[in-house]
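First the structure, in the form of structure tokens, and then the observations on it.
There are 2 protein chains.
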Amino acid sequence: MAEDYVELIAELVDRNDEARPVDLAERLGVKPPTVTKNISRLVRAGLVRRERYRSIFLTEKGAALADACRRRHRTVVATLVALGVDPESAERDAEGIEHHVSDETLEAFERFVTSCNCPLSGMKRSNEM
Amino acid sequence: MAEDYVELIAELVDRNDEARPVDLAERLGVKPPTVTKNISRLVRAGLVRRERYRSIFLTEKGAALADACRRRHRTVVATLVALGVDPESAERDAEGIEHHVSDETLEAFERFVTSCNCPLSGMKRSNEM
DNA sequence: TTTGAAAGTTAGCCTTGACTAAGTTTTGTA
DNA sequence: TACAAAACTTAGTCAAGGCTAACTTTCAAA
Ligand SMILES: [Mn+2]
Ligand SMILES: [Mn+2]
Ligand SMILES: [Mn+2]
Ligand SMILES: [Mn+2]
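The listed protein sequences correspond, in order, to chains H and D.
If you count by the working numbering, then the first sequence holds residues 10 to 138, one letter each, in order.
If you count by the working numbering, then the second sequence holds residues 10 to 138, one letter each, in order.
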């Protein structure tokens with residue numbers, strides 16, 4: 010839960026300079042009271058700051074987690090796409106898969122997408138055929 | 010939850026001709042009362058049969074789900090290993106990842122591991138380097 | 001400047017999936 | 001065969017993460 014929240018908060022702050030509960034609820038597909046309760050949990054965990062009836066921001070700790078999650082998210086999506094999954098399915102599946110990808114697996118994914126993008130490897134062609 | 014249970018029950022029946030709650034608890038890393046409660050849920054869902062104080066068996070429906078899950082599990086592990094993840098990490102991560110792999114992604118994984126095992130593709134070499 | 005709608009919170013409820021403690025049934029062994 | 005240990009279930013508790021209904025605060029339009 011925490012990972013999806015901080016990831017999305019970072020994204021919203023980047024795009025809108027703030028993260029509002031209403032937008033979190035919309036994007037996460039839950040109702041506003043659920044967001045309020047979960048944000049309280051994140052506050053308890055030291056990941057976000059909040060003032061009542063105002064926007065939500067990440068703490069240093071939350072921002073660090075968000076960065077790691079966003080990076081991992083992008084890597085998982087890139088890996089799925091490189092394996093031939095259509096981008097919409099890749100995005101949808103990655104949202105769940107990302108939370109089960111260990112550091113070792115993440116490194117393997119990074120190696121793979123890197124080698125895939127290298128035109129000399131010949132991997133992309135043979136895979137996509 | 011259901012997926013992990015039916016998958017494991019199928020595996021235990023294959024290996025031991027029966028699935029006992031004590032073994033499920035051991036393998037799933039939970040306590041016996043948790044297994045009892047979850048098995049009741051599976052009974053309600055029509056996935057398993059049970060007689061009190063006796064072993065657990067899959068219904069037709071449960072066996073069908075188990076087969077699909079085991080197949081998907083193996084494909085996910087094979088994909089991770091083909092991407093260079095060590096087998097222990099692959100097995101561990103697959104246990105979580107499998108539940109978020111859609112049919113489209115599963116097909117892409119199958120295509121990938123098949124092409125990887127084809128000695129003519131050259132993919133395995135370039136990836137493992 | 002008032003005021004109504006939008007946004008946010010609180011309270012209370014539910015389900016899932018975990019646990020412990022305590023009771024019941026089965027089973028291996030003396 | 002008796003009985004203790006192992007296996008299983010029941011009862012009760014808890015936290016996470018959903019929901020609705022109702023309340024409070026904010027904000028923008030009249
Ligand atoms: Mn996610
Ligand atoms: Mn994500
Ligand atoms: Mn699993
Ligand atoms: Mn599995």
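Idealized CB from N, CA, C, for every residue including glycine.
The structure displayed is predicted, hence computed values, not measured ones.
Pairwise C-beta distances place the segment 89–98 of chain H out of contact with the segment 49–61 of chain H, as fewer than three of them are shorter than 8 Å. Here H/D32 is buried. Its C-beta has 16 or more other C-beta atoms within 10 Å. If the five residues before and after H/E119 are omitted, its C-beta is found closer than 7 Å to the C-beta atoms of T84, all from its own chain and listed in chain order. Between D/E100 and chain H, the shortest Cβ-Cβ separation is not below 7 Å. Neighbours of D/A117 in chain H, taken as residues whose beta carbon is under 8 Å from its own, are L89, L92, G93, V94 in chain order.
H/F121 is the residue among H/T43, H/F121, H/N25 whose C-alpha sits nearest the C-alpha of D/C125.
A contact between stretches requires three or more CB pairs, one per stretch, nearer than 8 Å, and the segment 102–113 of chain D fails this requirement with the segment 27–46 of chain D. Taking the Cβ of H/H82 as the reference point, at least one heavy atom of ligand 2 falls within a distance shorter than 6 Å. Burial state of D/T114 is buried, judged by a 10 Å Cβ sphere holding 16 or more other Cβ atoms.
Within the same chain, Cβ atoms closer than 6 Å to the Cβ of D/L74 are found at V15, the five residues on either side in sequence being excluded.
For H/G38, the closest of H/D13, H/R50, H/S49, H/R59 by C-alpha to C-alpha distance is H/D13.
Annotation: Cβ neighbours of D/E113 in chain H (cutoff 7 Å, chain order): V94, D95, S98. Taking 7 Å as the threshold, the shortest C-beta distance from H/G105 to chain D falls below it. A Cβ-Cβ contact shorter than 7 Å links D/R36 with D/L17. Distance from the C-beta of D/E100 to the nearest heavy atom of ligand 4 is not below 6 Å. Excluding residues up to 5 positions away in sequence, E107, V110, L115 lie with their Cβ nearer than 7 Å to the Cβ of H/R81 in the same chain. Residues of chain D whose Cβ lies closer than 7 Å to the Cβ of H/V86 do not exist, since the nearest Cβ in that chain is about 11 Å away. Using a Cβ-Cβ cut-off of 7 Å, D/H82 does not count as an interface residue toward chain H, since no Cβ of chain H sits closer than that to its own.
Short of 8 Å from the beta carbon of D/E20, and not among the five residues preceding or following it, lie these beta carbons of its own chain, in chain order: R79. At a beta-carbon threshold of 9 Å, none of the residues of chain D lie near H/V39; the nearest stands roughly 18 Å away.
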